[in-house]
Amino acid sequence: MQSGSLFDGSSARAHAVQVAAEKDGIRIELDNGRVELAPTRLLRRLSEDQRQVRLIRSDVEGWSLRLDKPLADDLLARLPRDERYGRWIDKVGLAPALIVLAVLTTGVVATGYLAPHWIAPHVPMRWERKFGETVFGDFRGVRCANPRGQQALETLVERVAPGATKGPDGVKVAAVDVPIFNAVALPGGYIVVFKPAITETDSDALAGVIAHEIAHVRRRHVTEALIRELGIGALIRMFAGNLGANAEQMLALSYTRTNETQADGDAIDMLRRAGISPRPTAALFTRFSKIDRSAAGTEWLQSHPLSGKRARAFDTSFDPHARYEPALSDKEQAALANICNGRESKSE
Amino acid sequence: MDAIASAPAADDGRAIQFSGTLGEFLPIAISNFLLTIVTLFIYRSWAKARERRYLWSRTRFIDDQLQWTGTGLEMFIGFVVVAVVLGVAYLGFVFGLQALVARVGPLALLVVLLLYVGGFYLYGLARFRGLRYRLSRTWWRGIRGGSDDPGFSYAGKAVGYYFATFFLAGLFYPWAQAKLWNQRWNKMSFGPQNFEATMTTDDTSKPFFIMWGAIVVGSVILAVTAGPGVEPGRPSEPNPIVALLFYAGVGLAYLGFLSAYYRAAAEWTRIGDIEFRFNADFSDWLKFYAATIGLAIITLGLAMIVYNFRYWRFVTSHLEVYGTVDVDQLTQSQTRAPREAEGFLDALDIGAF
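Quick mapping for you: the protein sequence lines, in order, are chains E and L.
Each residue of the first sequence is one higher than the one before, counting from 2 in our numbering.
Each residue of the second sequence is one higher than the one before, counting from 4 in our numbering.
Here you go:
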């Protein structure tokens, strides 16, 4: 027999009790002579200190039994296990639970990291188009609008990737008069080339840069980066027509290393098919890889970290037996160089 | 002794005694911390339940320990349900506002205002229901507390007080706090007895105005002593020493208000024959927060896992209770036990306990 006290939940009065082990439970003898049986499966071991073990019944509100310590072994065997971390963790133990959960969590986080890569190809291009238009519109005041230059730029895109500018989901290309070396792909298939990328390179190297950006568009790397950096909620907002992001944020998007390598590979293939030498692009990359990263006016480096390795990939794709043609004719090159002579007016 | 029940008396004078130790609490806090991280915060509900079960079980009122019977699962379900509801509301807002702006234009501003009202309303509802839930899972001698009020009218009044505080540049704050304290507690009960709260601002308004003045005067000094802006159009850099003094000064003034508020809240709240006093003064609060900040710095923030323990120990060691409890008259609460647990509080991420 074990002594203790019982509150029955009807009032705050305590009853002195004697408790003994019983088959599948405990037998409680109250001070008024009443006897109660409490099955183990209905008991919860709520807490314990040096003096008492406290139990409640899951089927009777307010029922609360305190057993004075030490407890006899046969009675202890009838009590439920101590509740510690939670049902499932108590069963397997804390250390195994921590290990299993850590592995699962790593899996979930990894999935979260990879998810944009899987989702991006399935996002309809038309969700992006309106948003791309808005961001593209941010450049209105600085757009280069020489019609012959624009035509040459589009010719260059078509030369690198025949048919790329056609259709509703086609690439839309524009030059902007901003004095930094940069070229970016925006959502909705827009490619924006900054003036120095045109005037400080020859058209063969520019073809390499543009091919690289077209690859980002076609492989949906832009969408992927958008989801990765702004979260899956960006898709919902984009679908609703209001992403709440601007051109500056779009320029700050960065691609994963894998995406960059993939875009380089695609660009090399495009140049080969177009019969354009990859060497000027390689030379451009080599030139850039030697420039101080933090130097002003080379934003393209920050979003496209260059290494000698990437330059070499273009260089080794050079085929000494192939017949390479210039990307643009002399006349087209001259027109392209003039693309920013004649800006679009702001009112447009 | 402070209070007696017509039942076995406590061994020494204080009616509320906390016997928890850091040695017992640390294993709980550390395992909670680890489990919370490896479950990406899902375990948070279970961690809270474990913490409370321990803290309550080591808190003796007169002659019997408190019991916490809330479970992690019910808190988690409450959180998920409310999070889903709020999530759906958010989606409705994102899509709905688009359409609305297109159709009614400037009227959308009204919608934004309504959104703020809704936010305040939910915050008030969350505080009320959080208290109701905690009382309903707190047991003493087999009796629990609770409330039959759903808290809707409380939340409505809370919106009014929040707006009044906002439009009066914060000056209404002590009144709002006192009124809301009374509104909340007057709807709560333990067993058959209702809490009675009649808090006034007699003792809290002065410390509050000192704090308010410190903020206003401090801001002016900050602006005057600020160095020239790095770039034209950019806000100027505040003087770092003045800024430090500003935060320290406002912090101290806030502690002055806090100690007055706790004292007043305890003094003006009662249940049946039981009355409360809170005897922590300014220097007690200062010591508590100085220790909290010091510990957090030394342990690089890790000491925050024992914050709830330290706070509970602080409150229970300064809370005094007077009066008698007739244990035969203290019968079971007839209030309905809420099911959503602290879903609102959790979803809005408020409330430490």
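Just so you know, even glycine gets a beta-carbon here, dropped at the ideal spot from N, CA and C.
Everything numeric in this text was worked out from a predicted model, so none of it was measured.
Would residue i and residue j qualify as a contact pair, given that the criterion is a beta-carbon distance under 8 angstroms?
i                      : j                      : result
residue 139 of chain E : residue 216 of chain E : no
residue 267 of chain L : residue 207 of chain L : yes
residue 45 of chain E  : residue 60 of chain L  : no
residue 147 of chain L : residue 63 of chain E  : yes
residue 28 of chain L  : residue 312 of chain L : yes
residue 121 of chain E : residue 154 of chain E : no
residue 186 of chain L : residue 157 of chain L : yes
residue 144 of chain L : residue 13 of chain E  : yes
residue 173 of chain L : residue 221 of chain L : no
residue 263 of chain E : residue 220 of chain E : yes
residue 194 of chain E : residue 174 of chain E : yes
residue 178 of chain E : residue 341 of chain E : yes
residue 260 of chain L : residue 211 of chain L : yes
residue 152 of chain L : residue 209 of chain L : no
residue 109 of chain E : residue 43 of chain L  : yes
residue 6 of chain E   : residue 79 of chain E  : no
residue 2 of chain E   : residue 17 of chain E  : no
residue 316 of chain L : residue 21 of chain L  : yes
residue 223 of chain E : residue 188 of chain E : yes
residue 323 of chain L : residue 274 of chain L : no
residue 103 of chain E : residue 90 of chain E  : no
residue 38 of chain E  : residue 23 of chain E  : yes
residue 23 of chain L  : residue 57 of chain L  : yes
Hey, residue i and residue j are a contact pair by Cβ (cut 8 angstroms); roughly how many whole angstroms apart?
i                      : j                      : result
residue 208 of chain E : residue 160 of chain E : 7 angstroms
residue 95 of chain E  : residue 48 of chain L  : Their Cβ separation, rounded to whole angstroms, is 18 angstroms, which puts residue 95 of chain E and residue 48 of chain L out of contact at 8 angstroms.
residue 319 of chain E : residue 281 of chain E : Actually they do not touch by this definition, with Cβ atoms about 10 angstroms apart.
residue 337 of chain E : residue 199 of chain E : 6 angstroms
residue 256 of chain L : residue 217 of chain L : 4 angstroms
residue 188 of chain L : residue 272 of chain L : 6 angstroms
residue 172 of chain E : residue 136 of chain E : No, residue 172 of chain E and residue 136 of chain E are not in contact; Cβ-Cβ is about 15 angstroms, not under 8 angstroms.
residue 57 of chain E  : residue 72 of chain L  : 6 angstroms
Applying the criterion that 16 or more other CB atoms from any shown protein chain within 10 Å of the CB defines a buried residue, is residue i buried or exposed?
i                      : result
residue 352 of chain L : With a pLDDT of 49 at residue 352 of chain L, under the threshold of 50, the modelled position of this residue cannot be trusted; read the value that follows with caution. Residue 352 of chain L should be labelled exposed.
residue 93 of chain E  : exposed
residue 240 of chain L : exposed
residue 297 of chain E : Model confidence at residue 297 of chain E stands at a pLDDT of 48, short of 50, so the residue's coordinates are unreliable and nothing is read from them.
residue 288 of chain L : buried
residue 19 of chain L  : buried
residue 55 of chain L  : buried
residue 33 of chain E  : exposed
Cα-Cα, which of the options is closest to residue i?
i                      : options                    : result
residue 15 of chain E  : E:76, E:4, E:24, E:25      : E:4
residue 175 of chain L : L:215, L:158, L:189        : L:215
residue 230 of chain E : E:7, E:23, E:257, E:19     : E:257
residue 162 of chain L : L:137, L:142, L:131, L:293 : L:131
residue 119 of chain L : L:87, L:179, L:146, L:165  : L:165
residue 328 of chain L : L:309, L:321, L:277, L:304 : L:277
residue 47 of chain E  : E:75, E:18, E:87           : E:87
residue 354 of chain E : E:137, E:69, E:317         : Examination of residue 354 of chain E is not possible in this model, given that chain E is present from 2 through 349 alone.
residue 64 of chain L  : L:255, L:290, L:142        : L:142
residue 310 of chain E : E:106, E:291, E:278, E:225 : E:291
residue 128 of chain L : L:167, L:275, L:253, L:159 : L:159
residue 272 of chain E : E:225, E:33, E:150, E:210  : E:210
residue 106 of chain E : L:41, L:136, L:112         : L:41
residue 46 of chain L  : L:282, L:250, L:77         : L:77
residue 114 of chain E : E:226, E:325, E:254, E:332 : E:226
residue 322 of chain E : E:277, E:124, E:236, E:134 : E:277
residue 1 of chain E   : E:65, E:53, E:59           : This structure gives no information on residue 1 of chain E, because the portion of chain E shown stretches from 2 to 349.
residue 137 of chain L : L:213, L:94, L:51, L:114   : L:51
residue 129 of chain E : E:186, E:116, E:11, E:274  : E:186
residue 195 of chain L : L:331, L:341, L:24, L:213  : L:331
So, with DSSP's three-state summary, where would you put residue i?
i                      : result
residue 322 of chain E : coil
residue 92 of chain E  : helix
residue 196 of chain L : strand
residue 81 of chain E  : coil
residue 331 of chain L : coil
residue 284 of chain E : helix
residue 164 of chain L : helix
residue 223 of chain E : helix
residue 262 of chain E : helix
residue 339 of chain L : coil
residue 201 of chain E : coil
residue 53 of chain E  : strand
Going by the C-beta, is residue i closer than 7 angstroms to any heavy atom of the ligand ATP?
i                      : result
residue 197 of chain L : Absence of the ligand ATP is noted for the structure shown, with no ligands found whatsoever.
So with CB distances below 8 angstroms, who are the chain A contacts of residue i?
i                     : result
residue 42 of chain L : Reference to chain A is not applicable here, since the protein chains of this structure are E and L.
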